[in-house]
Amino acid sequence: GAGVSQSPSNKVTEKGKDVELRCDPISGHTALYWYRQSLGQGLEFLIYFQGNSAPDKSGLPSDRFSAERTGGSVSTLTIQRTQQEDSAVYLCASSQGPSGEQYFGPGTRLTVT
Amino acid sequence: QQQVKQSPQSLIVQKGGIPIINCAYENTAFDYFPWYQQFPGKGPALLIAIRPDVSEKKEGRFTISFNKSAKQFSLHIMDSQPGDSATYFCAATDNTDKLIFGTGTRLQVFP
């Protein structure tokens, strides 16, 4: 079946603008994760959704970052007032449930100019 | 406490060689240790994973060795091929399910 998909694949934005990144998890996967991959910080956890539970937002780097998951499926990561240090690849992963194997999408490369 | 330390940063082997990538952790609550393979421009792909109740796991040419007392685990790639050239990440997680990644190892396999 289809894997995790993300859109857009690339996004270039001006400093100060808001951006929205989308993730479509594998069908039937109840858990969804966002990670960020940057040269300076490696791969770091951002936020985790599991079913109808409150999301674990402990990895979000600032209050400019937020995410939602509608209908237990598609998720959107929003970055407000983007800064140059937000430039990175944003990766989404999903798993069948808690403690399940996480499968990653191809990522969205965000460049803030 | 939350770090996963990975070495080496880069590795070059000839085809048929056995590259070994090592990881170490401190958090004894970690109970799941996956390895991911990432090609340029792609997302990480799950390669193999182990839980601490076993000391070794093999899947095809890939083997994880796990030493619970030393809090270390390693990936061995048998009969390496040029197509194995990629960046490899170890990771660990506990019951929070948040993956903590190592810093990655760039592997190059020459024909």
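From first to last, the protein sequence lines are chains A and B. Following the working numbering, the numbering of the first sequence begins with 1 at its first residue and continues without gaps. Following the working numbering, the numbering of the second sequence begins with 1001 at its first residue and continues without gaps. Cβ coordinates follow ideal geometry from the N, Cα and C atoms, glycine included. No experiment lies behind these values; they were computed from the predicted model shown.
- Contact between L43 of chain A and Q50 of chain A is absent: CB atoms are separated by about 20 angstroms, not below the 8 angstroms threshold.
- The beta carbon of Q96 of chain A sits no closer than 8 angstroms to any beta carbon of chain B.
- For Y90 of chain A, not one C-beta of chain B is nearer than 8 angstroms to its own C-beta.
- Here the region 88-96 of chain A makes contact with the region 21-39 of chain A; the two share three or more CB pairs at distances below 8 angstroms.
- With a beta-carbon spacing of about 11 angstroms, G1102 of chain B and T1087 of chain B fall beyond the 8 angstroms limit used to define contacts.
- At least one CB atom of chain B sits nearer than 8 angstroms to the CB of S99 of chain A.
- Assignment of Q84 of chain A by DSSP, reduced to helix, strand and coil, places it in the helix class.
- The region 1009-1017 of chain B makes contact with the region 1075-1087 of chain B; the number of CB pairs closer than 8 angstroms reaches 3 or more.
- Taking the C-beta atoms as reference points, L1099 of chain B is found nearer than 8 angstroms to F45 of chain A.
- Taking 8 angstroms as the cut-off, the Cβ atoms of A1070 of chain B and F1030 of chain B do not count as close.
- When Cβ-Cβ separations below 8 angstroms define contact, A1049 of chain B makes contact with chain A.
- Under the rule that a run must span 4 or more residues, no alpha helix (DSSP H) segment is found entirely inside the region 3-64 of chain A.
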